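Convert by adding 2 to the 1-based position in the sequence shown; the result is the number in my numbering. Read the structure below first, then the notes.
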Amino acid sequence: MKKRLSINLLTSKIFWESMPLIISEIVQRGHYISIFNEGNIPSLASLLDCDVHIDLSAITDIGFYKNLTKEYSKRKTLGKKVPLMIDNPEAVMNSMDKRKTHRIMPDLVPESYNLNGLNNEKSINKFINDKYVVIKDPFGWWAKGLDRLSPQEALKKYKSSKNLIVQKYIPFSDGVGRILTLNYDSDFKIICAYLRMPNSWRTGEGTSSRYKLVCVSKKLYNFAKTVSIRSGIYLNGIDYIYNNGKYVLIEVNVAPGFRDPYDEFKINTPKIILDHIEKHAHIK
């Protein structure tokens, strides 16, 4: 008989769409599950007192993840069992701030510069001959805080702005790619890859998309594996654009949604995720 895992699942209402899938898969396999909403989190000691900690929340509090890292290290130092972390707090914090993603993967992302209020004109002028530039909030998600405009307009609008990113605009031809990956202890797996073809120049808030499954070539596989390893993210949603024969990284995402491929392509995403977790989880 397969041993049962104790799984703590941390979630948020805004990300609830995929939750019934993973909860149902956990329950069907006979594992123990405790579900915590981001507004009702137990002590960190209780949160980590499990075999598997799955964070599919929308928490953006860096302090929470710093304290979680300390609690994890404390348990390990005291010889207490530590859970399989999905995801590692350090990887979560890095993924939240796109500036950190750019530092980790400068060769994979579009040309980008951080705006600090003093270097704005010089940085934006690097794209002065382009039709558009993209201005990003480094902590934005679902395309919140994203602006596409001409370099001339950007110079006027963001002349003195701080804590933003100016980035080369990379247009897509077919759509914006999303690769769902799993990676733990060198066990890398692509769940699926697909294109989102939006009714706008971007995906995210306020847009709708059509979907198309992508055949994973060796080149795409290697790109995804490189991003996965460098980011350190266990369950990753890698967003990319294919441009001029090259895969360009847009961003990485912890707590990625996995209902779209489940609904659109009948890919059993929760089964694939749980199979991988069971393979690497330590039984209490």
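A virtual CB, placed ideally from N, CA and C, is assigned to each residue, including glycine. Everything numeric in this text was worked out from a predicted model, so none of it was measured.
State the DSSP-derived secondary structure class of residue i, mapped to helix, strand or coil.
i, result
"K250", "A small correction: the amino acid at residue 250 is Val; Lys does not occupy that position in the sequence shown. V250 falls in the strand class under three-state DSSP."
"R212", "strand"
"D241", "strand"
"K170", "strand"
"P22", "helix"
"M3", "Caution is warranted here: a pLDDT of 45 is assigned to M3, below 50, making its placement in the model unreliable, and the coordinate value is therefore given only provisionally. The answer is coil: DSSP assigns M3 none of H, G, I, E or B."
"M95", "helix"
"R150", "strand"
"D262", "helix"
"G65", "helix"
"T13", "strand"
"H33", "coil"
"Y74", "helix"
"I43", "coil"
"P272", "helix"
"Y223", "helix"
"N116", "strand"
"A283", "coil"
"S8", "strand"
"I126", "helix"
Run the CB neighbour count on residue i, radius 10 Å, all protein chains shown included, and call it buried at 16 or more, exposed below.
i, result
"G239", "buried"
"N122", "buried"
"T262", "Looking at the sequence shown, residue 262 is not Thr but Asp. Buried, by the Cβ-count rule."
"L120", "exposed"
"S48", "exposed"
"D51", "buried"
"L80", "exposed"
"S233", "buried"
"C217", "exposed"
Only counting the same chain, and skipping five residues up and downstream in sequence, which positions put a Cβ closer than 6 angstroms to that of residue i?
i, result
"L215", "Y196 and F267"
"I37", "L11"
"Q256", "Residue 256 is actually Val in this sequence, not Gln. Contacts found: D89, V94, S97 and I235."
"L166", "L117 and I137"
"P140", "D99, K100, R101 and I167"
"F294", "Examination of residue 294 is not possible in this model, given that the chain is present from 3 through 286 alone."
Please state if the CB of residue j and the CB of residue i are separated by a distance shorter than 8 angstroms.
i, j, result
"Q169", "S114", "yes"
"I56", "I88", "yes"
"L70", "P85", "no"
"I9", "Y34", "yes"
"I24", "P272", "yes"
"D265", "R180", "no"
"I274", "V178", "no"
"E19", "G208", "no"
"P112", "V254", "no"
"L110", "E73", "no"
"H278", "L184", "yes"
Enumerate in chain order the residues of its own chain whose CB-to-CB distance from residue i is below 8 angstroms, with the five nearest sequence positions on each side excluded.
i, result
"V135", "I126, F129, R150, L151, S152, P153, A156, V168, Q169, K170 and Y171"
"S210", "P200 and N201"
"H282", "L86, Y186, D187 and D189"
"I106", "N96, R232 and S233"
Would you grab the beta carbon distance between residue i and residue j for me? Rounded to a whole angstrom, and I think it's under 8 angstroms.
i, j, result
"F190", "S230", "6 angstroms"
"L276", "I28", "7 angstroms"
"S75", "S14", "That pair is no contact at about 25 angstroms."
"C194", "I252", "The Cβ separation is near 18 angstroms, so there is no contact."
Give every residue of the same chain whose Cβ lies closer than 7 angstroms to the Cβ of residue i, excluding the five residues on either side of it in the sequence, and list them in chain order.
i, result
"K286", "Model confidence at K286 stands at a pLDDT of 43, short of 50, so the residue's coordinates are unreliable; what they give is reported in the following sentence. So the qualifying residues of the chain are S8, D53 and K83."
"R2", "There is simply no residue 2 to check, as the chain begins at 3 and stops at 286 in what is shown."
"F66", "none"
"R198", "G177, V178, R180, T205, S211 and Y213"
"K227", "F190"
For the ligand SAH, I want to know if residue i counts as a neighbour, meaning its beta carbon is within less than 7 angstroms of at least one of the ligand's heavy atoms.
i, result
"L157", "The ligand SAH is not part of this structure, which contains no ligands at all."
Say whether chain D places a C-beta atom closer than 8 angstroms to the C-beta of residue i.
i, result
"V229", "Structure shown: chain D not included; a single protein chain is present."
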